[in-house]
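Written out below as structure tokens is the structure these notes cover.
Numbering (the numbering used here), first residue to last: 666 to 1120.
Quick look at the structure:
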């Protein structure tokens, strides 16, 4: 559980989200490209070391938060690499590059983002290349805050972000959420009541779209309210928008523009000068829409923040992050190959996988509740009443060889009776089997184990 502040009582405790049983839509179109993605059902492979575990057919591991091997476009990347290295200037990609990233790549990336971001205008000068969202988050924390500063986070939130905050010697405080995401009314009460003798928060970290783990998307009204609070209380918002482009094709929600778009609306509506410092830094990545192994992402920020990011010691010494990966991504964007892959394969596949898991849980665990995801990677499951602590359920499943794993809610700073399930890695049939194993774990769970977690 993330540390709760003791000096402002009442604003930090996260209560269980009251989700209704899921509504299942069965009108999902399956494209021929998607059929190819699922031709191979076996998913046994070694995943990245940060997760420190091997994926085998013996265990369906819902804690694996990365794309299926079937969604990695090897042939597209091979062609893009070959085309880029065939150019006369390809030797530049094997050298150190400019600190903010190659201008030609940032121009192509800005054009791509302008196509995907629903009216939000991105300029090349507002972009800087990173090694992904995790690197971008570390970079922003290191450059825009000082050791001992306070960063506010949603509760629950992405569980591995906490370690990044700790490495930057930031103090983490939690803000409550509900079924619509970050509770901005509670945030305002918290900031208004903050004691004068206590250091005020410097940063706020949020995942405003298809949240990890809760699957919520922050509504437009709350986005504007959040921007107002950021400017009123001098709070820099770090918007982790890695799932921004992963709305399902059949989503009941219209995709919402990124958070910086709402800052533009706020600036115009309040006659703010264009020289007024931006309070929003957006983090994006190719990891979820292309391939995490490229280690490539971006930061979108205002001029004042960008100057600080460019002066980072690592960037100043080593220059542009991942020049070769920039060149590969540049070719994919120029050819329209990434756009095609994203819309014809990735988004439909994630939708089909989410539907398979949602449908299976609805059938085998009818007492469990969750907000039906409209995109992203995760389903945030409130377990049946008989299971008060997901950690004990996980131990029970492992001890009895039931072949299923997941991320307990408390690891994400959430309530104990929640579990985070990722549907991005496995095929629909494997997800269905995983739900069956999870239901078996629940049905055989000894309620006496709940007593061991009580005070």
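The beta-carbon is built from N, C-alpha and C at its ideal position, and this holds for glycine as well.
Inset, instruction - Just confirm the distance between the C-beta atoms of residue 817 and residue 838, as a whole number of angstroms; I'd bet it's less than 8 Å. - result: For the purposes of this step, residue 817 is taken as the residue at position 152 of the chain shown. For the purposes of this step, residue 838 is taken as the residue at position 173 of the chain shown. With 8 Å as the limit, residue 817 and residue 838 qualify as a contact, their Cβ atoms being about 5 Å apart.
Legend entry - Segment contact flag, the region 1063-1082 with the region 904-916, C-beta cutoff 8 Å, min 3 pairs: no
Inset, instruction - In the DSSP assignment, find the alpha helix (DSSP H) that holds residue 870 and state where it starts and stops. - result: By 1-based counting over the chain shown, the position of residue 870 is 205. That residue, residue 870, is in no alpha helix (DSSP H); its beta strand (DSSP E) goes 866-871.
Inset, instruction - Give me the Cα-Cα distance between residue 813 and residue 1101, rounded to the nearest whole angstrom. - result: For the purposes of this step, residue 813 is identified with residue 148 of the chain shown, where counting begins at 1. For the purposes of this step, residue 1101 is identified with residue 436 of the chain shown, where counting begins at 1. So the alpha carbons of these two residues sit roughly 46 Å apart.
Inset, instruction - Could you tell me the distance, in whole angstroms, from the CA atom of residue 772 to the CA atom of residue 827? - result: Taking the chain shown and counting its residues from 1, the one referred to as residue 772 is at position 107. Taking the chain shown and counting its residues from 1, the one referred to as residue 827 is at position 162. Rounded to the nearest angstrom, the two C-alpha atoms are 33 Å apart.
Legend entry - Environment of residue 940 [buried if 16+ CB atoms lie within 10 Å]: Walking along the chain shown from the start, residue 940 turns up at place 275. Result: exposed.
Inset, instruction - Flag this pair as yes or no: are the beta carbons of residue 969 and residue 1013 separated by less than 8 Å? - result: In the chain shown, counting from the first residue as 1, residue 969 sits at position 304. In the chain shown, counting from the first residue as 1, residue 1013 sits at position 348. For residue 969 and residue 1013, no; Cβs fall outside 8 Å.
Inset, instruction - Excluding the 5 residues preceding and the 5 following residue 1040 in the sequence, name in chain order all residues of the same chain whose CB lies nearer than 7 Å to its CB. - result: Within the chain shown, residue 1040 is the residue found at index 375, counting from 1. Residues of the same chain with a CB within less than 7 Å of the CB of residue 1040, apart from the 5 flanking positions on each side, are 875, 908, 911, 912, 913, 916 in chain order.
Inset, instruction - Evaluate contact between the region 729-744 and the region 763-770, counting only Cβ atoms and requiring at least three cross-stretch pairs below 8 Å. - result: no
Legend entry - Distance between beta carbons of residue 1077 and residue 822, contact taken as under 8 Å: On the chain shown, position 157 is the one that residue 822 refers to. On the chain shown, position 412 is the one that residue 1077 refers to. Confirmed, about 6 Å.
Legend entry - Sequence-distant residues of the same chain with beta carbon closer than 6 Å to residue 807, five excluded per side: What you label residue 807 is simply residue 142 of the chain shown in a count that begins at 1. Result list for residue 807: 833, in chain order.
Inset, instruction - Give me whichever residues DSSP pairs with residue 818 in a beta bridge. - result: As a position in the chain shown, residue 818 is number 153, starting the count at 1. Its beta-bridge partners are 839, 870.
Legend entry - Whole-angstrom C-beta distance between residue 926 and residue 785, which should lie under 8 Å: Position 120 of the chain shown, counted from the start, is the residue given in the question as residue 785. Position 261 of the chain shown, counted from the start, is the residue given in the question as residue 926. Contact between residue 785 and residue 926 holds, since their C-beta atoms are separated by about 4 Å, short of 8 Å.
Legend entry - Reduced DSSP category for residue 1085 - H, G, I as helix; E, B as strand; rest coil: As a working note, residue 1085 is residue 420 in the chain shown. Of the three classes helix, strand and coil, the one that applies to residue 1085 here is strand, per DSSP.
Inset, instruction - Inspect the beta-carbon positions of residue 1088 and residue 1046 and report whether they are closer than 8 Å. - result: For the purposes of this step, residue 1088 is taken as residue 423 along the chain shown, with counting starting at 1. For the purposes of this step, residue 1046 is taken as residue 381 along the chain shown, with counting starting at 1. Result no, Cβ atoms of residue 1088 and residue 1046 do not sit closer than 8 Å.
Legend entry - Cα-Cα separation, residue 993 to residue 819: Against the chain shown, residue 993 aligns to sequence position 328. Against the chain shown, residue 819 aligns to sequence position 154. Approximately 35 Å, taken between the alpha carbons.
Legend entry - Extent of the continuous alpha helix (DSSP H) run through residue 1107: Your numbering for residue 1107 matches position 442 in the chain shown. Unbroken alpha helix (DSSP H) run through residue 1107: 1093-1108.
Legend entry - residue 852 - DSSP class collapsed to helix/strand/coil: Taking the first residue of the chain shown as position 1, residue 852 is located at position 187. DSSP places residue 852 in helix when its eight states are reduced to three.
Inset, instruction - Please work out which residues of its chain come closer than 7 Å, Cβ to Cβ, to residue 757, disregarding the five sequence neighbours upstream and downstream, and give them in chain order. - result: Residue numbering aside, residue 757 sits at position 92 when the chain shown is read from its first letter. The answer is none, since no qualifying residue turns up.
Legend entry - Option nearest residue 899 by Cα separation, candidates 888, 879, 1003, 945: Along the chain shown, one-based indexing puts residue 899 at 234. Selected option, being the one with the closest Cα: 945.
Legend entry - Rounded straight-line distance, which links the Cα of residue 776 to that of residue 1005: For the purposes of this step, residue 1005 is identified with residue 340 of the chain shown, where counting begins at 1. For the purposes of this step, residue 776 is identified with residue 111 of the chain shown, where counting begins at 1. Rounded to the nearest angstrom, the two C-alpha atoms are 15 Å apart.
Legend entry - Exposure label - residue 1031; buried when at least 16 CB within 10 Å: As a first step, residue 1031 must be located in the chain shown, where it is residue number 366. Label assigned to residue 1031: exposed.
Inset, instruction - Assuming residue 1010 and residue 1038 form a contact by the criterion Cβ under 8 Å, report the distance between their Cβ atoms to the nearest whole angstrom. - result: Counting from 1 along the chain shown, the entry for residue 1010 is found at position 345. Counting from 1 along the chain shown, the entry for residue 1038 is found at position 373. No, residue 1010 and residue 1038 are not in contact; Cβ-Cβ is about 18 Å, not under 8 Å.
Legend entry - Whole-angstrom C-beta distance between residue 804 and residue 795, which should lie under 8 Å: Position 130 of the chain shown, counting from 1, holds the residue named residue 795. Position 139 of the chain shown, counting from 1, holds the residue named residue 804. Confirmed, about 6 Å.
Legend entry - Close Cβ partners of residue 922 (< 7 Å) along its chain, the five nearest in sequence each way excluded: Here the question's residue 922 lines up with position 257 in the chain shown. These residues qualify, in order along the chain: 782, 783, 784, 785.
Inset, instruction - May I have the straight-line CA-CA distance separating residue 892 from residue 1035, to the nearest angstrom? - result: Working through the chain shown from its first residue, we reach residue 892 at position 227. Working through the chain shown from its first residue, we reach residue 1035 at position 370. Answer to the nearest angstrom: the Cα atoms are 28 Å apart.
Legend entry - Rounded separation between residue 989 and residue 1003 - CA only: Taking the first residue of the chain shown as 1, we reach residue 989 at position 324. Taking the first residue of the chain shown as 1, we reach residue 1003 at position 338. Spanning the two alpha carbons is a distance of roughly 17 Å.
Inset, instruction - Consult DSSP for residue 1028 and reduce its assignment to one of helix, strand or coil. - result: Working through the chain shown from its first residue, we reach residue 1028 at position 363. In the three-state scheme derived from DSSP, where H, G and I count as helix and E and B as strand, residue 1028 is classed as helix.
Inset, instruction - Output the distance between the C-alpha atoms of residue 1095 and residue 733, rounded to the nearest integer angstrom. - result: The residue given as residue 1095 occupies position 430 in the chain shown. The residue given as residue 733 occupies position 68 in the chain shown. Between residue 1095 and residue 733, the C-alpha separation is close to 12 Å.
Legend entry - For residue 1050, the three-state DSSP class (helix, strand or coil): Indexing the chain shown from 1 puts residue 1050 at position 385. Three-state result, residue 1050: coil.
Inset, instruction - Pick out whichever of 890, 1052, 920 has its Cα sitting closest to the Cα of residue 1081. - result: Here residue 1081 refers to the residue found at position 416 of the chain shown. Minimum Cα distance to residue 1081 is reached at 1052.
Inset, instruction - Spatial neighbours of residue 1049 within its chain, please: CB distance less than 8 Å, with the 5 preceding and 5 following residues excluded, ordered by chain position. - result: Numbered from its first residue, the chain shown carries residue 1049 at position 384. For residue 1049, where only same-chain residues beyond five positions count, the Cβ hits under 8 Å are 1030, 1032, 1033, 1107.
Inset, instruction - For residue 707, count neighbouring C-beta atoms within 10 Å of its own C-beta (all shown protein chains included) and say buried if the count is 16 or more, exposed if not. - result: Position 42 of the chain shown holds residue 707. Confidence is the limiting factor: at residue 707 the pLDDT is only 47, short of 50, which leaves the residue's position unreliable, though a coordinate-based value still follows. Of the residues assessed, residue 707 falls on the exposed side of the cut-off, its CB having fewer than 16 other CB atoms within 10 angstroms.
Inset, instruction - Pull up the distance between the alpha-carbon of residue 1075 and that of residue 1042, whole angstroms please. - result: Walking along the chain shown from the start, residue 1075 turns up at place 410. Walking along the chain shown from the start, residue 1042 turns up at place 377. So the alpha carbons of these two residues sit roughly 19 Å apart.
Inset, instruction - Output the distance between the C-alpha atoms of residue 895 and residue 1079, rounded to the nearest integer angstrom. - result: The count along the chain shown starts at 1 and reaches residue 895 at position 230. The count along the chain shown starts at 1 and reaches residue 1079 at position 414. For residue 895 and residue 1079, the distance between alpha carbons rounds to 24 Å.
Inset, instruction - For residue 793, write down the residues that DSSP places opposite it in a beta bridge. - result: The count along the chain shown starts at 1 and reaches residue 793 at position 128. 964, per the DSSP bridge assignment.
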